[in-house]
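In UniProt numbering, the protein residues as written are 1 to 262. Think of the CB as a built atom: it goes at the ideal place given N, C-alpha and C, for glycine as much as any other residue.
Structure representation (structure tokens):
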């Protein structure tokens, strides 16, 4: 169930927006309210909102300051700003902060509903992007995009590595496969890929693990083995160092993101 948080110090506006959206959502959304940005931030410390609808002019912390604070959070909600003042500088700053819509009071009910529907579509898009960023190593993506510019030995090395990733493969193994001097191959690989062979190998193994964590129900031990790690303990250490979370937590995060999209 989507959650909408309405933030406005004017009770009439706050309740009016709530009633319109409760009628529109017909129970599909959880709708809650806050009478100030301070109250909203306190609520958000304990709860999550998919969408925040906030007035601009409020005591203590105004709407734009609230939006700025929301952007600092790990999973910021999408935001609609409402205002009784058609001031360009407010609207311009709101758009700079990534606000989805800037609505003027008195609020048109149809435009409010339209803005909320747009905001939820935007949230889906943002969640998809976030999920892709979690899944894809941008450095590896860059090497893939430039692969057609690599020399034949480097292309063959990458292909051989992908095919034998589950094995305890080393740079010397690949250099021997290519009938090349290991030191020369190391320099050639770094020069063309922009990554050392060791860094590339680690990133590929972590990438393989992320794909398996996302798309299968294999255990951490099984995934460690398929990603080329001899022990699950070492795999967890490398994964945490690279991704900032354990493999198990990564799986939970990605699963949560997918449920949010649906």
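For residue i, the three-state DSSP class (helix, strand or coil)
{"i": "residue 3", "result": "strand"}
{"i": "residue 169", "result": "coil"}
{"i": "residue 88", "result": "helix"}
{"i": "residue 160", "result": "helix"}
{"i": "residue 103", "result": "strand"}
{"i": "residue 260", "result": "Its pLDDT being 36, under 50, residue 260 is placed unreliably in this model, and the value from its coordinates should be taken loosely. Looking at residue 260 - three-state DSSP - the assignment turns out to be helix."}
{"i": "residue 12", "result": "helix"}
Contact under 7 Å by Cβ, residue i with residue j
{"i": "residue 116", "j": "residue 77", "result": "no"}
{"i": "residue 28", "j": "residue 3", "result": "no"}
{"i": "residue 122", "j": "residue 100", "result": "yes"}
{"i": "residue 102", "j": "residue 110", "result": "no"}
{"i": "residue 193", "j": "residue 144", "result": "no"}
{"i": "residue 179", "j": "residue 206", "result": "no"}
{"i": "residue 228", "j": "residue 161", "result": "no"}
{"i": "residue 14", "j": "residue 33", "result": "yes"}
{"i": "residue 120", "j": "residue 154", "result": "no"}
{"i": "residue 61", "j": "residue 79", "result": "no"}
{"i": "residue 113", "j": "residue 24", "result": "yes"}
{"i": "residue 201", "j": "residue 251", "result": "no"}
{"i": "residue 203", "j": "residue 140", "result": "yes"}
{"i": "residue 49", "j": "residue 5", "result": "yes"}
Residue i - partner residues in DSSP beta bridges
{"i": "residue 34", "result": "7"}
{"i": "residue 55", "result": "82"}
{"i": "residue 193", "result": "Beta-bridge pairing links residue 193 to no other residue."}
Terminal residues of the beta strand (DSSP E) in which residue i lies
{"i": "residue 83", "result": "78-83"}
First through last residue of the alpha helix (DSSP H) which encompasses residue i
{"i": "residue 138", "result": "138-145"}
{"i": "residue 115", "result": "109-135"}
{"i": "residue 228", "result": "That residue, residue 228, is in no alpha helix (DSSP H); it is neither H nor E in DSSP."}
{"i": "residue 71", "result": "63-71"}
Minimum Cβ-Cβ distance from residue i to chain D less than 7 Å
{"i": "residue 37", "result": "The structure shown contains no chain D, having only a single protein chain."}
Can at least three beta-carbon pairs, one atom from the stretch 212-223 and one from the stretch 167-184, be found at a separation below 8 Å? no
Check whether the stretch 156-171 touches the stretch 231-246, taking contact to mean three or more Cβ pairs, one atom from each stretch, closer than 8 Å. no
Touching by the beta-carbon criterion (3+ pairs, under 8 Å), the stretch 42-58 and the stretch 7-14: Output reads yes: the stretch 7-14 touches the stretch 42-58.
Three or more beta-carbon pairs under 8 Å between the stretch 36-53 and the stretch 62-77, yes or no? These segments touch.
Taking one C-beta from the stretch 129-136 and one from the stretch 188-202 each time, how about it: are there three or more such pairs within less than 8 Å? no
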